[in-house]
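Here is the structure we will look at.
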Amino acid sequence: MPLSKPLRFHDLARLGRETPDASFAPFDGRVALDDSGFLRAGAFVFDKWRERAAERGEPLPLDLSRSCKYGSLFMSLVYGGSIAGNYQHQYNIIDGRIVDLSHAAADVFAMRRPYAHEPELFDLDMHRRSMENIAPRVGSWVEEFLALPPKT
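The following block contains the structure:
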């Protein structure tokens, strides 16, 4: 069944949940995060996620399923905070709140405990290499995003 109107990120978005009990290593933030910034970042990453799928010859995604590494790295580079997560999902802690661009994605919705924090994941070479591999693409997204004129 076709969508009656174009799918927009802010139709799915919701900002903020309570922070889990854990300690996280902070990143240096560059921009203050508010609801408007969250929606703007989410829409931008959603468009980039769809572009990536098109480049790879994959069906265009309907949400940000399987994008959590990309989204959490993007958010940490733009808004600061830290990256937290587990073997199924990764998200940010910014200003004491869980911030997750893919929170409304089907894969996250299906998880029993998407915001459990398993710090040992971040010590694994496999995970570090995976994050290093996506860093150039995400870095270019960040540069493009920060160069956009602010929405008024």
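Numbered according to this note's numbering, the sequence shown spans residues 2 to 153. Even for Gly, the Cβ is constructed at its ideal location relative to N, Cα and C. Given the structure is predicted, the values throughout are model-derived calculations rather than measurements.
Using the Cα positions of residue i and residue j, report the straight-line distance between them to the nearest angstrom.
i: glutamate 144; j: phenylalanine 45; result: 12 Å
i: alanine 107; j: glutamate 133; result: 26 Å
i: alanine 148; j: lysine 49; result: 15 Å
i: methionine 76; j: glutamate 56; result: 23 Å
i: serine 155; j: proline 150; result: Absent from the structure is residue 155, since the part of the chain shown begins at 2 and ends at 153.
i: glycine 58; j: phenylalanine 39; result: 28 Å
i: lysine 116; j: glycine 97; result: It is tyrosine, not lysine, that sits at residue 116 in the sequence shown. Computed Cα separation, rounded: 14 Å.
i: isoleucine 135; j: leucine 122; result: 17 Å
i: arginine 114; j: phenylalanine 146; result: 31 Å
i: alanine 105; j: leucine 63; result: 11 Å
i: leucine 61; j: valine 109; result: 18 Å
i: aspartate 78; j: methionine 112; result: One detail in the question is off: residue 78 reads as leucine in this sequence, not aspartate. Going by the C-alpha atoms only, they are around 26 Å apart.
DSSP on residue i, reduced to helix/strand/coil?
i: tyrosine 71; result: helix
i: proline 151; result: coil
i: valine 109; result: helix
i: valine 32; result: coil
i: arginine 1; result: Nothing about residue 1 can be read from this structure; the chain reaches only from 2 to 153.
i: alanine 117; result: coil
i: glutamate 59; result: coil
i: leucine 65; result: coil
i: leucine 122; result: helix
i: serine 141; result: helix
Can you find the residues in the same chain that come closer than 6 Å, C-beta to C-beta, to residue i, ignoring five residues on each side of it along the sequence?
i: serine 73; result: Ile84, Gln91, Tyr92 and Asn93
i: asparagine 87; result: Ala117 and Glu119
i: leucine 125; result: none
Give me whichever residues DSSP pairs with residue i in a beta bridge.
i: glycine 81; result: Answer is none; glycine 81 lacks a bridge partner.
i: valine 86; result: Strictly speaking, residue 86 in this sequence is glycine, with valine absent from that position. According to DSSP, glycine 86 bridges with Gln91.
i: arginine 130; result: Per DSSP, none; premise fails for arginine 130.
At what residues does the alpha helix (DSSP H) containing residue i begin and finish?
i: arginine 41; result: 36-56
Given residue i, which residues of its chain have a CB within under 7 Å of its CB, disregarding the five upstream and five downstream residues?
i: arginine 9; result: In this prediction, arginine 9 scores a pLDDT of 42, lower than 50, which makes its location untrustworthy; no coordinate-derived value is stated.
i: arginine 67; result: Asp108
i: leucine 102; result: Ala42, Gly43, Val46, Leu65, Gly72 and Met76
Short of 8 Å in beta carbon distance, which residues of its chain neighbour residue i, apart from the five on each side in sequence? Order them along the chain.
i: valine 100; result: Leu16, Gly17, Leu34, Phe39, Met76, Tyr80, Gly82, Tyr92, Asn93 and Ile94
Would residue i count as contacting chain C if we go by Cβ distances under 9 Å?
i: glutamate 144; result: The structure shown has no chain C; it contains just one protein chain.
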